[in-house]
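Letter by letter, the sequence shown follows residues 101 to 535 of my numbering.
Every residue, glycine too, gets a C-beta built ideally from N, C-alpha and C.
Remember, it's a predicted structure, so these values are computed and weren't measured experimentally.
Data first, discussion second: the structure below is written as structure tokens.
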Amino acid sequence: MSHSIRATVMQTPSTTELEILDDVVVTVDEGLITHIGPARQHIGDVDLHLGHDTVLVPGFIDLHIHAPQWPQLGTGYDLPLDRWLFEYTFPLEARYDDTAFAQSVWDSMVPALLSHGTTTAVYYGSTHVEATTALARTCIQHGQRAWVGRVAMDHPEGTPEFYRDASAEDGLAASRTSIEQIEALADPRGLVRPIITPRFIPACSDELLTGLGSLAASTGHLVQTHCSENDWEHNHVLERHVVSDTTSLDNFGLLREGTVLAHGCLLSDDDFATIRNRRAGIAHCPLSNVYFGDAVFPTRRALAQSVRVGLGTDIAGGPSASLLAQAAHAVNASRQLEHGVDQTISGDERGVDDSRIDATTAFHLATLGGADVLGEPLGLLEVGRRFDAVAVDMRAVDHWPAGDTPTRRFEKLVRTASSADISAVWVDGTIVHAV
Ligand code: GUN
Ligand code: FE
Numbered sequence: 101m102s103h104s105i106r107a108t109v110m111q112t113p114s115t116t117e118l119e120i121l122d123d124v125v126v127t128v129d130e131g132l133i134t135h136i137g138p139a140r141q142h143i144g145d146v147d148l149h150l151g152h153d154t155v156l157v158p159g160f161i162d163l164h165i166h167a168p169q170w171p172q173l174g175t176g177y178d179l180p181l182d183r184w185l186f187e188y189t190f191p192l193e194a195r196y197d198d199t200a201f202a203q204s205v206w207d208s209m210v211p212a213l214l215s216h217g218t219t220t221a222v223y224y225g226s227t228h229v230e231a232t233t234a235l236a237r238t239c240i241q242h243g244q245r246a247w248v249g250r251v252a253m254d255h256p257e258g259t260p261e262f263y264r265d266a267s268a269e270d271g272l273a274a275s276r277t278s279i280e281q282i283e284a285l286a287d288p289r290g291l292v293r294p295i296i297t298p299r300f301i302p303a304c305s306d307e308l309l310t311g312l313g314s315l316a317a318s319t320g321h322l323v324q325t326h327c328s329e330n331d332w333e334h335n336h337v338l339e340r341h342v343v344s345d346t347t348s349l350d351n352f353g354l355l356r357e358g359t360v361l362a363h364g365c366l367l368s369d370d371d372f373a374t375i376r377n378r379r380a381g382i383a384h385c386p387l388s389n390v391y392f393g394d395a396v397f398p399t400r401r402a403l404a405q406s407v408r409v410g411l412g413t414d415i416a417g418g419p420s421a422s423l424l425a426q427a428a429h430a431v432n433a434s435r436q437l438e439h440g441v442d443q444t445i446s447g448d449e450r451g452v453d454d455s456r457i458d459a460t461t462a463f464h465l466a467t468l469g470g471a472d473v474l475g476e477p478l479g480l481l482e483v484g485r486r487f488d489a490v491a492v493d494m495r496a497v498d499h500w501p502a503g504d505t506p507t508r509r510f511e512k513l514v515r516t517a518s519s520a521d522i523s524a525v526w527v528d529g530t531i532v533h534a535v
């Protein structure tokens with residue numbers, strides 16, 4: 101049965117275009133948007149009327165979350181990536197051998213992410229099949245759209261003995277079982293799907309990477325991994341495979357349409373061309389990159405080369421669960437790249453010209469950009485796409501509304517709204533969070 105919502109919509113059909121649909125009625129049938137038109141032309145009642153104080157926006161798409169790292173969100177940023185993994189993260193992830201512990205984390209995290217407006221989540225689980233299946237089940241229960249991946253990692257040097265697949269063969273078998281278990285949940289609405297997840301090249305043997313590439317080809321499931329996140333990872337791959345991370349992943353058959361490459365801070369223009377040609381995409385994680393990335397991801401350069409880019413929180417590499425916080429910081433990071441940061445270098449040589457992005461581009465990354473990476477009809481409220489949406493209560497955000505234009509309201513929303521301002525969230529036409 102269809103239902104209708106009357107609201108003012110703000111969204112970004114392209115990286116440079118802010119579209120404001122003032123006082124429209126959105127009609128949704130079985131999760132699909134079937135009509136949008138001016139409220140004054142609407143005949144009959146509406147089911148919900150969001151007044152002038154509320155703005156309706158497309159749901160946020162988080163392309164990169166490490167679900168088992170939820171307990172350490174906001175802590176542990178004193179070590180570089182390699183030591184952070186071995187000293188904090190791998191010991192925490194190893195605990196998901198205990199499925200009851202895992203379930204208690206998922207029950208905390210999934211509703212929290214929905215309250216931040218994350219309608220689609222692309223998750224790394226842990227190496228554990230049961231805990232990963234439980235995550236998929238929890239997403240189904242709460243109605244979150246999700247891709248859920250069991251993490252494959254078997255390299256005897258890139259992983260600790262207490263947390264790794266016993267062999268490439270074992271890892272491959274466990275990834276296959278995980279896919280089967282997630283498919284067997286038979287999510288009636290098809291919101292939750294498996295994703296093939298080699299952690300990153302340093303943690304995986306060539307045999308495992310080869311096997312996962314074949315698994316992707318034979319099953320058609322999406323792939324996610326980390327790519328050229330920082331100098332340590334980037335140089336590891338250059339030394340081990342004598343090609344860039346991107347080329348190496350491509351050689352293993354892992355760079356496919358819809359492959360999500362997290363971070364990419366050190367990607368070259370050649371890498372961008374390869375990623376574009378394979379129709380893969382990048383999860384830009386600007387807050388995480390402050391701590392682990394070693395360089396600012398050149399968003400504008402990637403977009404100029406027609407590379408698909410969305411946003412990720414990289415929980416817990418980044419200390420915020422909010423995609424809006426990532427969008428705001430994506431703008432900040434791009435400005436610091438443009439200006440440069442070292443005051444001992446003269447102003448005309450300090451930064452990288454033409455690097456800045458604005459709030460419109462950043463919001464696009466958080467919505468349609470992510471949808472395009474995944475190849476799904478999401479990210480924009482238009483006929484033919486799924487109704488994943490977030491209602492933002494603007495009363496606190498509009499702290500000084502006098503003289504505000506719709507464009508200024510949008511900027512305030514991107515830069516200052518938080519979960520406290522989110523009053524309702526829909527996934528596939530169904531309310532999944534409301535205050
Ligand atoms: N590279 C491999 N594993 C991880 C992880 O858990 N977080 C981040 N940021 N990078 C990684
Ligand atoms: Fe990550």
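Per DSSP, cross-strand counterpart(s) of Phe-160: Stepping through the sequence shown from its first residue, residue 160 is reached at position 60. BP columns for Phe-160 point to Thr-218.
Any non-hydrogen atom of ligand 1 closer than 8 Å to Ala-303 Cβ: Numbered from its first residue, the sequence shown carries residue 303 at position 203. Distances from the CB of Ala-303 to the heavy atoms of ligand 1 include at least one below 8 Å.
Gly-176 CB to nearest heavy atom of ligand 2 below 8 Å: Mapped onto the sequence shown, residue 176 falls at position 76. Short note on Gly-176: C-beta not closer than 8 Å to any heavy atom of ligand 2.
Ligand 2 heavy atom lying under 8 Å from the CB of Ser-344: One-based indexing of the sequence shown puts residue 344 at position 244. No, ligand 2 has no heavy atom inside 8 Å of this Cβ.
Limits of the unbroken alpha helix (DSSP H) element including Ile-445: As a position in the sequence shown, residue 445 is number 345, starting the count at 1. Under the DSSP assignment, Ile-445 falls outside any alpha helix (DSSP H); it carries neither an H nor an E label.
Coarse secondary structure for Thr-199, derived from DSSP in three states: Walking along the sequence shown from the start, residue 199 turns up at place 99. Three-state result, Thr-199: helix.
6 Å CB neighbourhood of Ala-462 in its chain, flanking five on each side removed: Within the sequence shown, numbered from 1, the residue matching residue 462 stands at position 362. The beta carbon of Ala-462 is closer than 6 Å to those of Ala-427, Ala-430, Val-431 in its chain, skipping five residues each way along the sequence.
Cβ separation of Thr-238 and Asp-207, assumed to be a contact under 8 Å, to the nearest whole Å: Translated into positions along the sequence shown, residue 238 becomes position 138. Translated into positions along the sequence shown, residue 207 becomes position 107. The pair is a contact, with the Cβ atoms about 7 Å apart (cut-off 8 Å).
N-terminal and C-terminal residue of the alpha helix (DSSP H) that Ile-282 is part of: Counting from one through the sequence shown, the residue named residue 282 turns up at place 182. Per DSSP, Ile-282 belongs to the alpha helix (DSSP H) from 268-284.
Counted within 10 angstroms of its Cβ, other Cβ atoms place Ala-317 as buried (16 or more) or exposed: Counted from its first residue, the sequence shown places residue 317 at position 217. By the neighbour-count definition (other C-beta atoms within 10 Å, threshold 16), Ala-317 is an exposed residue.
Leu-192 to Gly-144 span [Cα, whole Å]: Translated into the one-based positions of the sequence shown, residue 192 becomes position 92. Translated into the one-based positions of the sequence shown, residue 144 becomes position 44. Distance between the alpha carbons of Leu-192 and Gly-144: 54 Å.
Identity of the residue in His-166, Ala-266, Leu-181, Gln-203 nearest Tyr-224 by Cα: Here residue 224 is taken as the residue at index 124 of the sequence shown, counted from 1. The residue with the shortest Cα to Cα distance from Tyr-224 is His-166.
Chain B within 9 Å of Lys-512, Cβ atoms only: Absent here is chain B; the protein component of the structure consists of one chain.
Assigned exposure category for Met-101 - 16 Cβ within 10 Å defines buried: Taking the sequence shown and counting its residues from 1, one reaches residue 101 at position 1. With fewer than 16 other Cβ atoms inside 10 Å of its own Cβ, Met-101 counts as exposed.
Own chain residues within Cβ distance below 8 Å of Pro-477, not counting five before or after: Mapped onto the sequence shown, residue 477 falls at position 377. Excluding residues within five positions, the ones whose Cβ falls inside 8 Å are Ala-471, Gly-484, Arg-485, Arg-486.
Residues surrounding ligand 2 [beta-carbon distance to nearest heavy atom under 6 Å]: Counting only beta-carbon distances shorter than 6 Å to the non-hydrogen atoms of ligand 2, the qualifying residues in chain order are His-164, His-166, His-326, Ala-362, Asp-414, Gly-417.
Best match in Asp-493, Gln-324, Cys-365, Gly-358 for proximity to Ser-344 [C-alpha to C-alpha]: On the sequence shown, position 244 is the one that residue 344 refers to. Of Asp-493, Gln-324, Cys-365, Gly-358, the residue nearest in Cα terms is Cys-365.
Closer than 8 Å: Tyr-196 CB and nearest ligand 1 heavy atom: One-based indexing of the sequence shown puts residue 196 at position 96. Not under cutoff, so the answer is no.
Proximity winner among Val-473, Gly-290, Gly-313, relative to Arg-276 (alpha-carbon distances): Reading the sequence shown from its first residue, position 176 is the one you call residue 276. Ranking Val-473, Gly-290, Gly-313 by Cα distance to Arg-276 puts Gly-313 first.
Straight-line Cα distance separating Leu-437 from Gly-99: Nothing about residue 99 can be read from this structure; the chain reaches only from 101 to 535.
Gln-436: CB within 8 Å of a non-hydrogen atom of ligand 1: What you label residue 436 is simply residue 336 of the sequence shown in a count that begins at 1. No, the Cβ of Gln-436 stays beyond 8 Å of every heavy atom of ligand 1.
Environment of Ser-104 [buried if 16+ CB atoms lie within 10 Å]: Counted from its first residue, the sequence shown places residue 104 at position 4. Buried, since its Cβ has 16 or more Cβ neighbours within 10 Å.
Rounded separation between Arg-408 and Ala-402 - CA only: Numbered from its first residue, the sequence shown carries residue 408 at position 308. Numbered from its first residue, the sequence shown carries residue 402 at position 302. Spanning the two alpha carbons is a distance of roughly 8 Å.
Ligand 1 heavy atom lying under 8 Å from the CB of Arg-539: The shown model of the chain, from 101 to 535, leaves out residue 539, and the question about it has no answer.
8 Å contact criterion, which Leu-308 and Ala-268 should meet: CB distance rounded: Looking up residue 308 in the sequence shown gives position 208. Looking up residue 268 in the sequence shown gives position 168. The pair is a contact, with the Cβ atoms about 4 Å apart (cut-off 8 Å).
Heavy atom of ligand 1 within 8 Å of Arg-509 beta-carbon: One-based indexing of the sequence shown puts residue 509 at position 409. Outside the cutoff, so no.
Ala-489 versus Gly-320: straight-line alpha-carbon distance, rounded: As a working mapping, residue 489 is identified with position 389 in the sequence shown. As a working mapping, residue 320 is identified with position 220 in the sequence shown. Near 28 Å, if we compare the C-alpha coordinates of Gly-320 and Ala-489.
Residue from Asp-182, Gln-172, Leu-148, Leu-118 whose Cα sits closest to the Cα of Pro-392: For the purposes of this step, residue 392 is taken as the residue at position 292 of the sequence shown. Per the sequence shown, the amino acid found at residue 392 is Phe instead of Pro. Considering only alpha carbons, the answer is Asp-182.
Where the alpha helix (DSSP H) containing Ser-523 begins and where it ends: Residue 523 sits at position 423 when you count from the first residue of the sequence shown. Under the DSSP assignment, Ser-523 falls outside any alpha helix (DSSP H), being part of the beta strand (DSSP E) whose first and last residues are 522-527.
Inter-residue spacing [alpha-carbon to alpha-carbon] between Leu-354 and Glu-449: Reading the sequence shown from its first residue, position 254 is the one you call residue 354. Reading the sequence shown from its first residue, position 349 is the one you call residue 449. Leu-354 and Glu-449 have their alpha carbons spaced roughly 38 Å apart.
Heavy atom of ligand 1 within 8 Å of Leu-354 beta-carbon: Here residue 354 is taken as the residue at index 254 of the sequence shown, counted from 1. Shortest gap from the CB of Leu-354 to any heavy atom of ligand 1: 8 Å or more.
CB contact flag (Trp-526, Gly-159, <9 Å): For the purposes of this step, residue 526 is identified with residue 426 of the sequence shown, where counting begins at 1. For the purposes of this step, residue 159 is identified with residue 59 of the sequence shown, where counting begins at 1. One thing to note: Trp-526 has its Cβ within 9 Å of the Cβ of Gly-159.
Contacting residues, own chain, Cβ-Cβ under 6 Å from Ala-107 (five flanking each side not counted): By 1-based counting over the sequence shown, the position of residue 107 is 7. Excluding five sequence positions before and after Ala-107, the CB atoms of its chain that fall closer than 6 Å to its own CB belong to Leu-150, Leu-156, given in chain order.
Simplified DSSP assignment, three categories, for Tyr-263: Counted from its first residue, the sequence shown places residue 263 at position 163. Per DSSP, reduced to three states, the secondary structure at Tyr-263 is coil, with no helix or strand assignment.
N-terminal and C-terminal residue of the beta strand (DSSP E) that Ile-375 is part of: Taking the sequence shown and counting its residues from 1, one reaches residue 375 at position 275. From DSSP, Ile-375 is part of no beta strand (DSSP E) but of the alpha helix (DSSP H) over 369-378.
Under the three-state DSSP convention, the category Gln-426 falls into: Position 326 of the sequence shown, counted from the start, is the residue given in the question as residue 426. Annotated three-state conformation of Gln-426 is helix, per DSSP.
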